[in-house]
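Asks: Residue numbers (the working numbering): 99 to 340.
Quick reminder that beta carbons are idealized off the backbone N, C-alpha and C, glycines included.
(1) Classify residue 187 as buried or exposed, calling it buried when 16 or more other Cβ atoms lie within 10 Å of its own Cβ.
(2) What separation, rounded to the nearest whole angstrom, lies between the Cα atoms of residue 79 and residue 155?
(3) Does DSSP put residue 142 in a helix, a strand or coil?
(4) Using a threshold of 7 Å, state whether the C-beta atoms of residue 175 and residue 144 are closer than that.
(5) Curious, which full-length beta strand (DSSP E) runs of at least 3 residues does the region 258-307 contain?
(6) Can you give me the C-alpha to C-alpha distance between residue 328 and residue 129, rounded to a whole angstrom?
(7) Taking the beta strand (DSSP E) that residue 224 belongs to, which residues open and close that run?
(8) Measure the beta-carbon distance from residue 314 to residue 294 and round it to whole angstroms, keeping in mind my assumption that it falls under 8 Å.
(9) Is the CB-CB distance between residue 265 and residue 292 below 7 Å?
(10) For the alpha helix (DSSP H) containing residue 190, name the first residue and the last one.
(11) Run the CB neighbour count on residue 113, radius 10 Å, all protein chains shown included, and call it buried at 16 or more, exposed below.
(12) From what residue to what residue does the beta strand (DSSP E) around residue 168 run?
(13) What span of residues does the beta strand (DSSP E) with residue 254 cover, start to end?
(14) Here's a check: name, in chain order, each residue in its chain whose Cβ is nearer than 8 Å to the Cβ of residue 237, leaving out the five neighbours to either side.
(15) Would you tell me roughly how many angstroms separate the C-alpha atoms of residue 334 and residue 324, rounded to the nearest one?
(16) Let me confirm a value: residue 116 is counted as buried when at least 16 other C-beta atoms fall within 10 Å, else exposed. Which label applies?
(17) Considering Cα atoms alone, identify which of 141, 298, 209 is closest to residue 341.
(18) Taking the beta strand (DSSP E) that residue 106 belongs to, which residues open and close that run?
(19) If you draw a straight line from the alpha carbon of residue 321 to that of residue 197, how long is it in whole angstroms?
Spelled out as structure tokens, the structure:
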């Protein structure tokens, strides 16, 4: 595993109080969060509707935190310009969106890099797969970029079905993480869904270095302690996956 990999803890701001979103977000950063995870849902790709570019733009004005935007939307290509303009630091989009194939996925990746050039930004581009999607569909894309991962910043493995918070952690999804870590030792691998102080152990053992957690952090009586436990757990296992 590359020495550049580090444990990254991402509280999902979907669990924050939206009336005090900036304050809640900055508090998490002060307590030890690495990134802020932004769940974007369109009511089509998933049933829920959450937030869009205007909220990201407003939040960007009030925080210096890394905004990790997970687009659970049917046509991410329509939103790339707006999210980059709003101040997203990373855009993760679903392999299953657009046409759900390699060509459309590559198209969205290219759009992100093209928009960066147009806007003078450095938004990262990442890909996510749902639980029922085999991870090997990403190999052709990742193999091309395996030496540097310049074009693909991160892969997100969903450990719940996307669209709703509070679901139980799906342990069987960690096999995807293990396969990715063995094949791409320097890749950022994120796990999202049902992550707690307990389940983070499974994610870390499998090779995840980035974890998303909503209620387990925001509703914790001691969010700082919870995030510290998660970070130390990942650190403990990073070396075992080298």
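Replies: Quick answer:
(1) In the chain shown, the residue the question calls residue 187 occupies position 89. By the 10 Å Cβ count, residue 187 comes out buried.
(2) Nothing can be reported for residue 79, as the shown portion of the chain is limited to 99 through 340.
(3) The residue you call residue 142 lines up with position 44 of the chain shown. In the structure shown, residue 142 sits in coil (DSSP, three-state: anything other than H, G, I, E or B).
(4) Residue 175 sits at position 77 when you count from the first residue of the chain shown. Residue 144 sits at position 46 when you count from the first residue of the chain shown. Result no, Cβ atoms of residue 175 and residue 144 do not sit closer than 7 Å.
(5) 286-290
(6) Residue numbering aside, residue 328 sits at position 230 when the chain shown is read from its first letter. Residue numbering aside, residue 129 sits at position 31 when the chain shown is read from its first letter. Going by the C-alpha atoms only, they are around 13 Å apart.
(7) Counting from one through the chain shown, the residue named residue 224 turns up at place 126. Per DSSP, residue 224 belongs to the beta strand (DSSP E) from 222-227.
(8) Walking along the chain shown from the start, residue 314 turns up at place 216. Walking along the chain shown from the start, residue 294 turns up at place 196. About 4 Å separates the beta carbon of residue 314 from that of residue 294, a gap short enough to meet the 8 Å contact definition.
(9) For the purposes of this step, residue 265 is taken as residue 167 along the chain shown, with counting starting at 1. For the purposes of this step, residue 292 is taken as residue 194 along the chain shown, with counting starting at 1. With contacts defined as CB atoms closer than 7 Å, residue 265 and residue 292 qualify as a contacting pair.
(10) In the chain shown, residue 190 corresponds to position 92, counting from 1. First-last for residue 190: 188-192, but that is the beta strand (DSSP E), not the alpha helix (DSSP H).
(11) By 1-based counting over the chain shown, the position of residue 113 is 15. Classification for residue 113: buried.
(12) For the purposes of this step, residue 168 is taken as the residue at position 70 of the chain shown. In the DSSP assignment, residue 168 falls within the beta strand (DSSP E) that extends over 164-170.
(13) Your numbering for residue 254 matches position 156 in the chain shown. 252-256 is the extent of the beta strand (DSSP E) around residue 254.
(14) As a first step, residue 237 must be located in the chain shown, where it is residue number 139. The answer, listed in chain order, is 281.
(15) The count along the chain shown starts at 1 and reaches residue 334 at position 236. The count along the chain shown starts at 1 and reaches residue 324 at position 226. If I take the Cα positions, the gap works out to 15 Å.
(16) Residue 116 sits at position 18 when you count from the first residue of the chain shown. When all chains shown are included, residue 116 counts as exposed.
(17) Since the displayed the chain opens at 99 and closes at 340, residue 341 lies outside it and no answer follows.
(18) For the purposes of this step, residue 106 is taken as residue 8 along the chain shown, with counting starting at 1. It spans 106-109 - the beta strand (DSSP E) in which residue 106 sits, taken as one unbroken run.
(19) Against the chain shown, residue 321 aligns to sequence position 223. Against the chain shown, residue 197 aligns to sequence position 99. If you take the alpha carbons of residue 321 and residue 197, they lie about 39 Å apart.
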